[in-house]
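*Asks:* Can you read through this structure? Questions will come right after.
Protein chains: 2
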Amino acid sequence: MDDVHFAVLGTGGIGRRAIEYSNSKEHLTPVAACDRDGVAIDHDGLDADELLAATEGNIASDGGAAVKQTGQDQGVVASAQASPTETPIDDIIAESEAIDAVLIALPNLEHDFIPRVAERFAEADYEGVLVDVLKRSRVIGMLDDRAETLEDSGITFVCGAGATPGFLTGAAALAAQSFVEIEEVEIWWGVGLKSGYEDNRGTVREDIAHLDGYDIESARALTDEEIEDIVDEHDGVIEFNDMEHADDVLLERAGICDAEDVTVGGILDVRSDEKPTTTTVRVTGRTFDGEVGTNTFQLDDATSMEANVNGPALGYLKAGVRRNRAGEYGVFGPADLMPGF
Amino acid sequence: MDDVHFAVLGTGGIGRRAIEYSNSKEHLTPVAACDRDGVAIDHDGLDADELLAATEGNIASDGGAAVKQTGQDQGVVASAQASPTETPIDDIIAESEAIDAVLIALPNLEHDFIPRVAERFAEADYEGVLVDVLKRSRVIGMLDDRAETLEDSGITFVCGAGATPGFLTGAAALAAQSFVEIEEVEIWWGVGLKSGYEDNRGTVREDIAHLDGYDIESARALTDEEIEDIVDEHDGVIEFNDMEHADDVLLERAGICDAEDVTVGGILDVRSDEKPTTTTVRVTGRTFDGEVGTNTFQLDDATSMEANVNGPALGYLKAGVRRNRAGEYGVFGPADLMPGF
Numbered sequence: 001m002d003d004v005h006f007a008v009l010g011t012g013g014i015g016r017r018a019i020e021y022s023n024s025k026e027h028l029t030p031v032a033a034c035d036r037d038g039v040a041i042d043h044d045g046l047d048a049d050e051l052l053a054a055t056e057g058n059i060a061s062d063g064g065a066a067v068k069q070t071g072q073d074q075g076v077v078a079s080a081q082a083s084p085t086e087t088p089i090d091d092i093i094a095e096s097e098a099i100d101a102v103l104i105a106l107p108n109l110e111h112d113f114i115p116r117v118a119e120r121f122a123e124a125d126y127e128g129v130l131v132d133v134l135k136r137s138r139v140i141g142m143l144d145d146r147a148e149t150l151e152d153s154g155i156t157f158v159c160g161a162g163a164t165p166g167f168l169t170g171a172a173a174l175a176a177q178s179f180v181e182i183e184e185v186e187i188w189w190g191v192g193l194k195s196g197y198e199d200n201r202g203t204v205r206e207d208i209a210h211l212d213g214y215d216i217e218s219a220r221a222l223t224d225e226e227i228e229d230i231v232d233e234h235d236g237v238i239e240f241n242d243m244e245h246a247d248d249v250l251l252e253r254a255g256i257c258d259a260e261d262v263t264v265g266g267i268l269d270v271r272s273d274e275k276p277t278t279t280t281v282r283v284t285g286r287t288f289d290g291e292v293g294t295n296t297f298q299l300d301d302a303t304s305m306e307a308n309v310n311g312p313a314l315g316y317l318k319a320g321v322r323r324n325r326a327g328e329y330g331v332f333g334p335a336d337l338m339p340g341f
Numbered sequence: 001m002d003d004v005h006f007a008v009l010g011t012g013g014i015g016r017r018a019i020e021y022s023n024s025k026e027h028l029t030p031v032a033a034c035d036r037d038g039v040a041i042d043h044d045g046l047d048a049d050e051l052l053a054a055t056e057g058n059i060a061s062d063g064g065a066a067v068k069q070t071g072q073d074q075g076v077v078a079s080a081q082a083s084p085t086e087t088p089i090d091d092i093i094a095e096s097e098a099i100d101a102v103l104i105a106l107p108n109l110e111h112d113f114i115p116r117v118a119e120r121f122a123e124a125d126y127e128g129v130l131v132d133v134l135k136r137s138r139v140i141g142m143l144d145d146r147a148e149t150l151e152d153s154g155i156t157f158v159c160g161a162g163a164t165p166g167f168l169t170g171a172a173a174l175a176a177q178s179f180v181e182i183e184e185v186e187i188w189w190g191v192g193l194k195s196g197y198e199d200n201r202g203t204v205r206e207d208i209a210h211l212d213g214y215d216i217e218s219a220r221a222l223t224d225e226e227i228e229d230i231v232d233e234h235d236g237v238i239e240f241n242d243m244e245h246a247d248d249v250l251l252e253r254a255g256i257c258d259a260e261d262v263t264v265g266g267i268l269d270v271r272s273d274e275k276p277t278t279t280t281v282r283v284t285g286r287t288f289d290g291e292v293g294t295n296t297f298q299l300d301d302a303t304s305m306e307a308n309v310n311g312p313a314l315g316y317l318k319a320g321v322r323r324n325r326a327g328e329y330g331v332f333g334p335a336d337l338m339p340g341f
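Respectively, the protein sequence lines represent chains A and B. Just so you know, this note's numbering puts 339 at position 339 of the first sequence, and the rest follows in order with no gaps. Just so you know, this note's numbering puts 53 at position 53 of the second sequence, and the rest follows in order with no gaps.
Put into structure tokens, the structure is as follows:
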């Protein structure tokens, strides 16, 4: 397979780490990056170190350093490789013919923000891969609604390609291969988010929507103070059960099991970087010879959420590029990209 | 993806189970099967149940039933769908234009037997997938020697696609995605082989080659009685360390780690169907943020070796078909077929 030239939309934590990762991966070249105010494009490869240094302050969790500024500039524009722009995504779309894959690492400001970004790529007849790391089941439905548009354009959209879904649904799909019938998939995560808390308020807010008495709308309406109150009520450690994570939908569409046989839960500790519980995938099924067993996949507590998002996201990006080059277009979940019948 | 029409060479345990599995898998149609005396081909799909019933005695572990005979016929020829032949593999090669994939489930009588079978398919300009479930590193080298021939023909050869390598190297490749650098991969298997012992003497003999004081040649020279003596000396429970399994070579070629960082061992109990130890893959690495951790994949003791060979073999077969249709030819290991950069 040839080299993969990729772009990142957004240079927050995930976008920057993707660029950082590419430094240690052969055949993976970052050629474009943008945030709301600027865009950097170089089809021979961006200077990752310079870009990372210039955007360092974009991650609030890096010791809370102020966003670096060069004169009036902040964010991507602080890089010597970048230019200011009012249309960063369009600027990248304009150059997309030479871009194999795009990692969408933007905040999903509205439910359909990322699906609409995909649509804009399709309107420009982009032929390539789009990857998101979203978690919500409903976004997948919105992408499916646009599947024909994506297919017509030649886009392979890999959705939910972070840690969960993503890494963990992929592991579930692999573990399922011992069995001819799956009875249950249990996904249980632990996240310690002390130093990363400021940078991940959006995630915490989204997670709160899973608590009893809340839904997405009411969680979105909460003020920051109200969120702090909820965190305080739980002494900083919040347990979630039966979450509306896309894992269920993604495993069903890959033919692994019924969505209703998948449960997702976990524990978030915003006052410690230690994980409060070990991230574990348990797949229970029946073998062809009639035994019932449970295969297990566990992530070490020492692996951060960030490590478990970015490695898989780029792995799935590459798998998406293979599909795209084979002429397979449309919407794919992580489990669709695993071996398995 | 369209349906996959597949053939099995050999109707011992693995070949028969592949046909049995296809009954429960949509889009997977067995169209050809052979053993040394006969061949059955139907491009609309073989009658799996009839073929399985006719060849039932081919598996000695099925309660030790005698091989079923229809008049003079035994094996595949006992099926109403089959004809006797002296050239079973050539008969399948002659029909291979309509066959997407071939599972090679033949005993590897000589080191290069399966590589030579692949060569015969290449000589006939076969365009499709060949899959084996072998374990030995040296066979991979022999396939690599023929890579150009396979590529010229349009063959995608997936090697070592059973339980180990195969299932477990795939799991290692997946688990590696938390890390930017792998320090160690430990593959540890447990097999309880009481009822399957008669059917797996070849495997036991091959395993003995890993014991101190033996190598492949001396193990091949052992009589059945000498093997029984060795088994008796160990009270039926034999532990293996630092095995020459292809897992190391296959993980290195996929870019996961160096071969020398991979260790393979396990415990075989030929006097119990209970596994003497839990099959476990441990992948230790360093994350991008500098932590060292170990991700773990465990197979339930209740899942049999047979279940863990056949599910993955067919999963990799399908993954091979995707690669083949994308024009990717040559020799692939299981880890090559996983997402990952």
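Each residue gets a CB set at the ideal place from its N, CA and C atoms; glycine is no exception.
#1: In this structure, how does DSSP classify Arg279 (chain A) when only helix, strand and coil are distinguished?
#2: Which residues does DSSP list as the beta-bridge partners of Phe332 (chain A)?
#3: Helix, strand or coil for Thr303 (chain B)? Go by DSSP, reduced to three states.
#4: Candidates B:Tyr316, B:Leu46, B:Leu251: which alpha carbon is nearest Asp261 (chain B)'s?
#5: When DSSP labels each residue in this structure, what does Arg271 (chain A) get in the three-state scheme?
#6: Would you call Gly285 (chain A) buried or exposed, if buried means 16 or more other Cβ atoms sit within 10 Å of its Cβ?
#7: If we count Cβ pairs, one from each stretch, closer than 8 angstroms, do we get three or more for the region 35-45 of chain B versus the region 125-136 of chain B?
#8: Here's the rule I'm using: 16 or more other beta-carbon atoms within 10 Å means buried, otherwise exposed. How should Asp248 (chain A) be labelled?
#9: Can you give me the Cβ contacts of Ile89 (chain B) inside the same chain, cut-off strictly under 8 angstroms, excluding the 5 residues immediately before and after it?
#10: Which residues in chain B have a C-beta closer than 9 angstroms to the C-beta of Phe179 (chain A)? List them in chain order.
#11: According to a CB-to-CB cut-off of less than 8 angstroms, which residues of the region 235-253 of chain B neighbour chain A?
#12: Name the one or two DSSP bridge partners that Asn295 (chain B) has.
#13: Would you kindly work out how many angstroms separate the C-alpha atoms of Glu225 (chain A) and Arg201 (chain A), rounded to a whole number?
#14: Residues in its own chain within less than 6 angstroms of Glu294 (chain B) by CB, not counting five upstream and five downstream?
#15: With DSSP as the reference, label Gly265 (chain B) as helix, strand or coil.
#16: With 16 as the cutoff for other CB atoms within 10 Å, does Thr11 (chain A) come out buried or exposed?
#17: Counting only runs that start and end within the region 78-126 of chain B, where is the beta strand (DSSP E) found for 3 or more residues in a row?
#18: To which residues of the same chain is Glu151 (chain A) closer than 8 angstroms at the C-beta, ignoring the five residues directly before and after it?
#19: Would you say the region 176-195 of chain B touches the region 153-162 of chain B, given that touching needs at least three Cβ pairs under 8 angstroms?
#20: Using 10 angstroms around the beta-carbon of Pro334 (chain B), count the other beta-carbons present and answer buried if the total reaches 16, otherwise exposed.
#21: In whole angstroms, what separates the C-alpha of Ser301 (chain B) from that of Thr278 (chain B)?
#22: Would a check of beta-carbon distances place Ser24 (chain B) closer than 8 angstroms to chain A?
#23: If we count Cβ pairs, one from each stretch, closer than 8 angstroms, do we get three or more for the region 172-191 of chain A versus the region 262-278 of chain A?
#24: Can you list the alpha helix (DSSP H) stretches of 4 or more residues lying completely in the region 212-237 of chain A, in chain order?
#25: Quick one, which of B:Ser178, B:Asp273, B:Val31 has its alpha-carbon nearest Tyr21 (chain A)'s?
#26: Can you tell me where the beta strand (DSSP E) with Ile256 (chain B) in it begins and where it stops?
#27: Taking the alpha carbon of Gln298 (chain B) as the reference point, which residue from B:Phe167, B:Gly154, B:Pro84 has its own alpha carbon closest?
#28: Is it right to say Arg220 (chain A) is buried, meaning 16 or more other beta carbons lie within 10 angstroms of its own, or is it exposed?
#29: Measure from the C-beta of Leu337 (chain B) to each C-beta in chain A and report whether the shortest distance is under 8 angstroms.
#30: If you count every other CB in all the chains shown that lies within 10 Å of the CB of Asp258 (chain B), and 16 or more means buried, which is it?
#31: On the DSSP letters alone, give me the boundaries of the beta strand (DSSP E) that Ala33 (chain B) sits inside.
#32: For Val309 (chain A), which residues of its own chain have a beta-carbon under 7 angstroms away from its beta-carbon, when the five flanking residues on both sides are left out?
#33: Who are the neighbours of Ala351 (chain A) on chain B, taking C-beta pairs under 7 angstroms?
#34: List the residues of chain A that Thr296 (chain B) touches, going by C-beta distances under 9 angstroms, in chain order.
#35: Measuring alpha carbon to alpha carbon, tell me which residue in B:Phe6, B:Val4, B:Asp100, B:Phe341 is nearest Leu174 (chain B).
*Replies:* Let me spell this out:
#1: Looking at the sequence itself, residue 279 (chain A) is Thr, so the reference to Arg does not match. Note: Thr279 (chain A) maps to coil in three-state DSSP.
#2: Answer is A:Val158.
#3: Thr303 (chain B): coil per DSSP, three-state reduction.
#4: Residue B:Leu251 is the option with its Cα nearest to Asp261 (chain B).
#5: Under the three-state reduction of DSSP, Arg271 (chain A) is assigned to coil, being neither helix nor strand.
#6: Gly285 (chain A) comes out buried.
#7: Too few Cβ pairs lie closer than 8 angstroms, so no.
#8: By the neighbour-count criterion, in which a residue is buried when 16 or more other Cβ atoms sit within 10 angstroms of its Cβ, Asp248 (chain A) is buried.
#9: Same-chain partners within the cutoff: Leu9, Cys34, Val117, Arg120.
#10: Those within 9 angstroms of Phe179 (chain A) in chain B are Thr303, Ala307, Gly311.
#11: With the criterion set as a beta carbon lying under 8 angstroms from some beta carbon of chain A, the region 235-253 of chain B has no members that meet it.
#12: Looking at the DSSP assignment, Asn295 (chain B) forms a beta bridge with B:Val283.
#13: The straight-line gap from Cα to Cα measures roughly 12 angstroms.
#14: In the sequence as displayed, the identity of residue 294 (chain B) is Thr instead of Glu. Closer than 6 angstroms at the Cβ level, and outside the excluded window around Thr294 (chain B), lie Arg282, Thr284.
#15: Three-state result, Gly265 (chain B): strand.
#16: Taking a 10 Å sphere around the C-beta of Thr11 (chain A), we find 16 or more other C-beta atoms and assign the residue as buried.
#17: Scanning the region 78-126 of chain B for uninterrupted beta strand (DSSP E) segments of 3 residues or longer gives 82-84, 101-104, listed from N- to C-terminal end.
#18: Non-local C-beta neighbours of Glu151 (chain A) in its own chain, meaning closer than 8 angstroms and more than five positions away in sequence, comprise Tyr329, Gly330, ordered along the chain.
#19: The answer is no - the region 153-162 of chain B does not touch the region 176-195 of chain B, with fewer than three Cβ pairs under 8 angstroms.
#20: With 16 or more Cβ atoms within 10 Å of its Cβ, Pro334 (chain B) is classed as buried.
#21: It should be noted that the sequence gives Asp, not Ser, for residue 301 (chain B). Distance between the alpha carbons of Asp301 (chain B) and Thr278 (chain B): 6 angstroms.
#22: Closer than 8 angstroms to some Cβ of chain A, the Cβ of Ser24 (chain B) qualifies, so yes.
#23: These segments touch.
#24: Correct list: 216-221, 224-233.
#25: For the set B:Ser178, B:Asp273, B:Val31, the Cα lying nearest the Cα of Tyr21 (chain A) is the one of B:Ser178.
#26: It is not in any beta strand (DSSP E) - Ile256 (chain B) carries neither H nor E in the DSSP assignment.
#27: Of all alpha-carbon atoms in B:Phe167, B:Gly154, B:Pro84, the one lying nearest the alpha-carbon of Gln298 (chain B) is that of B:Phe167.
#28: When all chains shown are included, Arg220 (chain A) counts as exposed.
#29: Chain A has a Cβ within less than 8 angstroms of the Cβ of Leu337 (chain B).
#30: Exposed, since its Cβ has fewer than 16 Cβ neighbours within 10 Å.
#31: Ala33 (chain B) -> beta strand (DSSP E) spans 28-34.
#32: Hits under 7 angstroms: Ile14, Val133, Gly162, Ala163.
#33: The shown model of chain A, from 1 to 341, leaves out residue 351 (chain A), and the question about it has no answer.
#34: Within chain A, Thr296, Phe297, Gln298, Leu299, Asp300 have C-beta atoms less than 9 angstroms from the C-beta of Thr296 (chain B), given in sequence order.
#35: That would be B:Phe341, whose Cα lies nearest to the Cα of Leu174 (chain B).
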